[in-house]
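Presented below is the structure to which this report refers.
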Amino acid sequence: AHVEAPISGSMILAGVLLKLGGYGLLRIFEYLMNIGMVINMLWLSISLVGGFLVSLMCLRQVDMKALIAYSSVAHMGLVVGGLMTLNT
29 AHVEAPISGS MILAGVLLKL GGYGLLRIFE YLMNIGMVIN MLWLSISLVG
79 GFLVSLMCLR QVDMKALIAY SSVAHMGLVV GGLMTLNT
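Just so we're aligned: 79 in the numbering used here is position 51 of the sequence shown, and the numbers increase by one with no gaps anywhere.
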């Protein structure tokens, strides 16, 4: 969606709509506490490694829209990693 949208639309997608997924995860945090204790280290590891690798992809990107999309993915990886610490 980022590549097809104009740059202003990509900014709105990155700034508002994608972060609503993090808010949704925060809303179901109570349920994640119950079932997430078993596999939280797996989620944490995958999200942090994925965020790091996508950040490296951002360094080589020349297309501005693709850069916004990749940086949004990297940021959401860090958000999920932070949530999976299961710290209240």
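Glycine included, every Cβ here is placed at the ideal spot set by N, Cα and C.
I believe M104 touches G50 by the beta-carbon criterion, under 8 Å. Please report the beta-carbon distance rounded to the nearest angstrom.
About 7 Å; that satisfies the 8 Å criterion.
On the three-state DSSP scale, how would you describe L41?
L41 falls in the helix class under three-state DSSP.
Going by C-alpha distance, which of Y98, V108, A33, M61 is nearest W71?
Checking every option, the nearest Cα to that of W71 belongs to V108.
Close Cβ partners of A33 (< 7 Å) along its chain, the five nearest in sequence each way excluded
L41, listed in sequence order.
Suppose contacts are defined by Cβ-Cβ distances below 8 Å. Is S75 in contact with A102 by that definition?
A102 sits away from S75, with the two beta carbons spaced by 8 Å or more.
How would you label M61, buried or exposed, when you count the other beta carbons within 10 angstroms and need 16 or more for buried?
The residue is exposed, with fewer than 16 neighbouring Cβ atoms inside 10 Å.
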